[in-house]
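Oh and the sequence shown: position 111 is 110 in numbering that gives the first Met the number 0, straight run, nothing missing.
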Amino acid sequence: MEDSKLFLKGKIVSVLPIESGQGSGKPWKKQSYILQTTSFDKKVCFSLWGDKIDEFKIKEGASLIVHINIESREYNGRWYTDIKAWKIELEGVKPSAEQEPPEKEDNSPFVEDIGDLPF
């Protein structure tokens, strides 16, 4: 499945309390946020799960680009839809490019010649 190309732009107007519980014997936590979108002036509630909450540290008033996945599921004949964020960017700030490690310089005094090894 291809990564989601969906995103929302806007300003955080509300940070909701963290919710937590146990699911399948494992603890979980999620936090929801209300984003006032820049297009169509609509409010959208999205959630972060687990470590993403601490990673992004979203504050009220922040202008963000929120990359999302949308998922719906059925329970007892009713459908529920979640909007889960997987990446957050500050609007107007370009994300830093992942830097490749510098090429390793060979300062070894040894010359590697494995052509005539006796084993």
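Backbone N, C-alpha and C define an ideal beta-carbon position, used for all residues, glycine too.
Thinking C-beta only, is residue j closer than 9 Å to residue i?
i	j	result
residue 14	residue 35	no
residue 33	residue 43	yes
residue 49	residue 78	no
Nearest by alpha-carbon distance to residue i: which of the options is it?
i	options	result
residue 40	84, 82, 89, 10	10
residue 56	77, 86, 19, 81	86
residue 89	74, 71, 64	64
Between the alpha carbons of residue i and residue j, how many angstroms are there, rounded?
i	j	result
residue 120	residue 30	The chain is shown only over 0 to 118; residue 120 falls outside these bounds and no answer can be derived.
residue 8	residue 38	8 Å
Identify, in the order they occur along the chain, each residue of the same chain with its Cβ nearer than 6 Å to the Cβ of residue i, setting aside the five sequence neighbours on each side.
i	result
residue 46	29, 31, 83
residue 81	70
Kindly list the residues whose CB is nearer than 7 Å to the CB of residue i, restricted to its own chain and excluding five residues on each side of it in sequence; keep chain order.
i	result
residue 6	64, 65, 66, 67
Could you name the residues of the same chain whose beta carbon sits closer than 8 Å to that of residue i, not counting the 5 residues immediately before and after it, in chain order?
i	result
residue 104	Confidence at residue 104 is low in this model, with a pLDDT of 39, below 50, so its placement is unreliable and no value can be given for it.
Could you name the residues that DSSP lists as bridge partners for residue i?
i	result
residue 78	73
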